[in-house]
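What follows is a single structure, written as structure tokens, with notes after it.
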Amino acid sequence: MSYQSKEELVAIFAQAWRTLNPELIVANLDQSFIYDSQWGFESLDYSRYIDYIRGKFHTIKRSNAGVKVEIVPDSYQGGSMLAITQGSSTVFYRIQVKDGKVVKGDLCAF
22 MSYQSKEELV
32 AIFAQAWRTL
42 NPELIVANLD
52 QSFIYDSQWG
62 FESLDYSRYI
72 DYIRGKFHTI
82 KRSNAGVKVE
92 IVPDSYQGGS
102 MLAITQGSST
112 VFYRIQVKDG
122 KVVKGDLCAF
């Protein structure tokens, strides 16, 4: 079985954000996926994250808010991560991969 690398998955997540197509993300999540945000009070599991990301992308589309996404080096975990900018705020989205699927997503300010 051929697995996608972390770098390939980071590129897919970047494309999802650029096109606001949540299904590109959903298709690459492991059932054990957990999402944490430095601004959230609790983790989101696989099902709750899918609802969240679909809703978030829908809201961004509806509001015509511009989103700029770059793939940048991750100096903490190595490899690459996303830098997502809306307005004047930039956040960083890191993923962890196991067996070609994303098992963890972290959103933070650094």
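The opening position of the sequence shown corresponds to residue 22 in our numbering, with each subsequent residue numbered one higher.
All C-beta atoms in this analysis are idealised placements derived from N, C-alpha and C, irrespective of residue type, glycine included.
- W38 and D120 have their alpha carbons spaced roughly 23 Å apart.
- E63 and S23 have their C-alpha atoms some 33 Å from each other.
- Following the DSSP letters along the chain, one finds E28 inside the alpha helix (DSSP H) bounded by residues K27 to T40.
- Across the set V47, V118 and E91, the C-alpha of V47 shows the shortest separation from the C-alpha of F78.
- In this structure the segment 81-94 does not lie against the segment 52-68, because fewer than three pairs of beta carbons, one per stretch, are closer than 8 Å.
- Separation of G108 and L30 (C-alpha to C-alpha, rounded to the nearest whole angstrom) is 25 Å.
- The beta carbon of T106 sits closer than 6 Å to the beta carbons of K89 from its chain, once the five residues preceding and following it are set aside; these are given in chain order.
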